[in-house]
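**Student:** The structure that follows is given in the form of C-alpha cells.
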Amino acid sequence: MSTSVLYDEPGPRARLRHRFVGIATIGLIVAFVAFTIYRFSETGQFEPLKWKQFEYEAIQLQLLHGLLATLEAAGTAAALALIFGGVFASARISDAWIFRAPATFLVELFRAIPLLILIFFGYYVPLQYGLHISNFWALVAGLTVYNGSVLAEIIRAGIAAIPSGQSEAAYALGMQKGQVVRLILLPQAIRSMLPSIIGQLVVLLKDTALGFIITYPELLYVGKQMGSRLAFDLPYVPTYLVIAAIYIGMCAIMSAFANWLAKRGDGKRSPAPAPRP
Amino acid sequence: MLEFFRTLTNNWDIFSRGFFTTLKLFVIGAVGSLTVGTILATMRVSPVPVLRGLGAAYVNIIRNTPLTLVFAFLVFAAPKLGIEIAFEPAAYTALTIYTAAFICETLRSGINTVPVGQGEAARALGMTFGQVLYLIVLPQAFRTVVPPLISMLNAMLKNTTVAAGFSVVEAGAIQAYLSERGENQVYTLFWITFGFLTFVVPLILLQRFLERRWAVVR
Numbered sequence: 001m002s003t004s005v006l007y008d009e010p011g012p013r014a015r016l017r018h019r020f021v022g023i024a025t026i027g028l029i030v031a032f033v034a035f036t037i038y039r040f041s042e043t044g045q046f047e048p049l050k051w052k053q054f055e056y057e058a059i060q061l062q063l064l065h066g067l068l069a070t071l072e073a074a075g076t077a078a079a080l081a082l083i084f085g086g087v088f089a090s091a092r093i094s095d096a097w098i099f100r101a102p103a104t105f106l107v108e109l110f111r112a113i114p115l116l117i118l119i120f121f122g123y124y125v126p127l128q129y130g131l132h133i134s135n136f137w138a139l140v141a142g143l144t145v146y147n148g149s150v151l152a153e154i155i156r157a158g159i160a161a162i163p164s165g166q167s168e169a170a171y172a173l174g175m176q177k178g179q180v181v182r183l184i185l186l187p188q189a190i191r192s193m194l195p196s197i198i199g200q201l202v203v204l205l206k207d208t209a210l211g212f213i214i215t216y217p218e219l220l221y222v223g224k225q226m227g228s229r230l231a232f233d234l235p236y237v238p239t240y241l242v243i244a245a246i247y248i249g250m251c252a253i254m255s256a257f258a259n260w261l262a263k264r265g266d267g268k269r270s271p272a273p274a275p276r277p
Numbered sequence: 001m002l003e004f005f006r007t008l009t010n011n012w013d014i015f016s017r018g019f020f021t022t023l024k025l026f027v028i029g030a031v032g033s034l035t036v037g038t039i040l041a042t043m044r045v046s047p048v049p050v051l052r053g054l055g056a057a058y059v060n061i062i063r064n065t066p067l068t069l070v071f072a073f074l075v076f077a078a079p080k081l082g083i084e085i086a087f088e089p090a091a092y093t094a095l096t097i098y099t100a101a102f103i104c105e106t107l108r109s110g111i112n113t114v115p116v117g118q119g120e121a122a123r124a125l126g127m128t129f130g131q132v133l134y135l136i137v138l139p140q141a142f143r144t145v146v147p148p149l150i151s152m153l154n155a156m157l158k159n160t161t162v163a164a165g166f167s168v169v170e171a172g173a174i175q176a177y178l179s180e181r182g183e184n185q186v187y188t189l190f191w192i193t194f195g196f197l198t199f200v201v202p203l204i205l206l207q208r209f210l211e212r213r214w215a216v217v218r
C-alpha cells in the first residue's frame, strides 16, 4: 500500500508512537507561538498605538504605492527578462558559433555575479560618467540580466530535454532549424518549462526587495520608513508583519500556480532546472 | 590603467576585510543550511504527519519570503522577542533560515530518485526509519543531488551581498566604503566582481566535474 522508500504502512504500535511524536511536536509549536505572542505583547507590540497607523488613509496609500512600485519593477523586469531569456536561449542553441559563444559567455557571467552587484553596476557606473539612471531602471536592469540569464538556461535545458527523435523526424520532413525549434521543440518544451519559468519569476518578484538598498521606494523600503515612525512608537514589528503577509501572499499564489501546472503536466519528461534563489 | 590597479592596492584593507567576511558568511551559512536543510528534509519524508506538515509549512513560507525580509525581521523584530542579535550573527542566521528551505527541497527530490527496492531491502533487514534514511537512502540521494546542492550554495554565496543592506561589512558593502573615499566606482565594482568570480567559478567547475563524475545510471 505504502509507496514511500522509507517506511511501511505503520502498525498499531508505530501509529501510537507517531501520535506521541505528533502531539509532542504540536506542543512545541504551541509553546513557540505562545512565547512569541507573550514576548511581543510584553514589549508592547500589540499596543493599539503601534497598529493605529494602519487605520489612516495616508498610510494605507503609502503601503499601496510601495506595493505598486514593487509590482511595477517586477512586471517590467519580468517582461524584459523573458525577452532576454528567449533571445539568449536561441543564440545558445544556434549552429553559428558567432552567436553561440558570446551568448554562452554572457549567460554564465551574469549568473555568476551577485544580483546586488549587477544593480550597483546599473546605478553607479552611469553616475561615474555623469549620466543619471533612475533607481527604477537600475533595479530593473539588474533583475533583467540576472533572471534573464537563468531563464535562458531554463529554456535551453527545456528544449534539450525533448527526445532527439522529435527533431530528427522534423528534419527528415525537410524542415529547417528555425521551423524545427518553433513548430516542434518549443511547443513541447514550454509545457515542461512553464513551472520553472514561473518559479523563477517568483524569485524575481522577491528580489525586487533589494531595491531598498538603492532607495527605490518599493514595499520593503516603505516598510522601513513606516516602522521608524516615532509618532507611532516605532512600529517595526507590526509593519514587517503586514509586509511579510503581502509578500508571502503574492509569492505563494504564484508558486501554487506553478505547482498546479507542474502536476498537470505529464510528469514523465525530466523537468527543467529548479529556479535559483 | 595604473589608477585601476591602485583602486585595489590602495584599498586592500577594505577589500580583504570585506571578502574575508563574505567567506565567513559563506562557510557558516553553508554548514548551517546543510544541517537545517537535512533536518527539514528528514521531517518532510518522515512517517509522522505532524512533522511532515511542519516541514512543508516551513518550506512554503520561507521560499515565498524575500531574503531581505528575513534579514529585516531578524534585525528589527527579533530584539522584541528578547533575542538581541548583532548584525553579523543575524546575517548567518538569515542565510541559514532562507537557504535551508531550498536545500531541503533539493534533498527531497534526491530521496525520491532512490529506488523503492533499496528501502524495502533495508527494512527487510529490520532497519528503523532513521537507519534506512541515514545509512541507505540519504547517501545515495546526496550523490545524485550534489551538483544542484552546489548550485544552491553558489546562490547563497551571492546572496551574502544582501547583508550589505544591514550594516555587515562584506564584499557587497565595499562599494559604499570606497565611494566615501572618492574612488572610481567603476573600478571598485569591477574588482568586487572579479573577487566574486574567483569564488564562484571554482564552485561552478566543481559542480560540472561532479555532474560528470558522479552521474548515477539508473
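Line by line, the protein sequences are chains A and B. 1 is the number of the first residue of the first sequence in full-length UniProt numbering; add one for each residue after it. 1 is the number of the first residue of the second sequence in full-length UniProt numbering; add one for each residue after it. Note that CB positions come from ideal geometry on N, CA and C, so glycine has one too. All values reported here derive from a predicted model rather than from experimental measurement.
Nearest to N147 of chain A by alpha carbon, out of A:V203, A:E57 and A:E72?
**Tutor:** Out of A:V203, A:E57 and A:E72, A:V203 has the C-alpha closest to the C-alpha of N147 of chain A.
**Student:** Mind pulling the beta strand (DSSP E) runs of 3 or more residues that sit fully within the segment 132 to 196 of chain B?
**Tutor:** Counting whole runs of 3 or more residues, the segment 132 to 196 of chain B contains no beta strand (DSSP E) stretch at all.
**Student:** Is N64 of chain B near the ligand NAP, in the sense that its beta carbon is under 6 Å from a heavy atom of that ligand?
**Tutor:** This structure lacks the ligand NAP; in fact it carries no ligand of any kind.
**Student:** Give the DSSP-derived three-state secondary structure of N11 of chain B in the structure shown.
**Tutor:** Residue state, collapsed to three classes: coil.
**Student:** If you measure beta-carbon to beta-carbon, which residues of the segment 62 to 86 of chain A are closer than 8 Å to chain B?
**Tutor:** Answer set for the segment 62 to 86 of chain A: empty.
**Student:** Within the same chain, show all residues whose beta-carbon is closer than 7 Å to that of residue 298 of chain A, passing over the 5 residues directly before and after it, in chain order.
**Tutor:** Outside the displayed span of chain A (1 to 277) sits residue 298 of chain A, for which this structure offers no information.
**Student:** Considering I213 of chain A, what are the terminal residues of the alpha helix (DSSP H) in which it resides?
**Tutor:** Where I213 of chain A is concerned, there is no enclosing alpha helix (DSSP H), given that its DSSP letter is neither H nor E.
**Student:** In whole angstroms, what is the alpha-carbon distance linking M1 of chain A and G126 of chain B?
**Tutor:** Note that M1 of chain A scores 38 on pLDDT, short of 50, meaning its location in the model is unreliable; the coordinates nonetheless yield the value given after this. Roughly 19 Å separates the two Cα atoms.
**Student:** Hey, does A78 of chain B have any beta-carbon neighbour from chain A nearer than 7 Å?
**Tutor:** By this cut-off, A78 of chain B is not an interface position.
**Student:** Assuming P10 of chain A contacts P47 of chain B under a Cβ cut-off of 8 Å, what Cβ separation, rounded to an integer in Å, is found between them?
**Tutor:** Indeed, because the Cβ distance is near 6 Å, the residues count as touching under 8 Å.
**Student:** So for A133 of chain A, helix, strand or coil by DSSP?
**Tutor:** Contrary to the premise, residue 133 of chain A reads as Ile rather than Ala in this sequence. I133 of chain A: coil per DSSP, three-state reduction.
**Student:** Just the Cα atoms here: how many angstroms apart are L67 of chain B and G174 of chain A?
**Tutor:** The straight-line gap from Cα to Cα measures roughly 50 Å.
**Student:** On the three-pair Cβ rule with 8 Å, is the segment 106 to 124 of chain B touching the segment 76 to 87 of chain B?
**Tutor:** Because the criterion of three Cβ pairs below 8 Å is not met, the segment 106 to 124 of chain B and the segment 76 to 87 of chain B do not touch.
**Student:** Using only the alpha-carbon positions, how far apart do F166 of chain B and A173 of chain B sit?
**Tutor:** Using only the alpha carbons, I get a separation of about 9 Å.
**Student:** Closest Cβ-Cβ distance between N64 of chain B and chain A: below 7 Å?
**Tutor:** Chain A contact via Cβ: present.
**Student:** Which residues of chain B have a Cβ atom closer than 8 Å to the Cβ of D8 of chain A, listed in chain order?
**Tutor:** Ordered by position in chain B, the residues that pass the 8 Å Cβ test against D8 of chain A are R123.
**Student:** E9 of chain A by DSSP, collapsed to three states: which one?
**Tutor:** Reduced to three states, the DSSP call for E9 of chain A is coil.
**Student:** Please identify the residue among A:P102, A:A209, A:L131 and A:L185 whose C-alpha is closest to the C-alpha of P163 of chain A.
**Tutor:** Here the closest residue by C-alpha is A:L185.
**Student:** Taking DSSP as the reference, what is the three-state secondary structure of A51 of chain A?
**Tutor:** The displayed chain sequence assigns Trp, not Ala, to residue 51 of chain A. Of the three classes helix, strand and coil, the one that applies to W51 of chain A here is helix, per DSSP.
**Student:** Using the beta-carbon of each residue, which ones in chain A are nearer than 7 Å to G119 of chain B?
**Tutor:** The answer, in chain order, is V5 and L6.
**Student:** Restricting to Cα atoms, I'd like to know which of A:T36, A:L67, A:A252 and A:A172 is closest to G82 of chain B.
**Tutor:** It is A:T36.
**Student:** Restricting to Cα atoms, I'd like to know which of A:A73, A:R264 and A:E55 is closest to G142 of chain A.
**Tutor:** Checked all of A:A73, A:R264 and A:E55; the closest Cα to G142 of chain A is A:A73.
**Student:** Taking the straight line between their C-alpha atoms, what separation do you get for L241 of chain A and N11 of chain B?
**Tutor:** When rounded, the distance between both Cα atoms is 40 Å.
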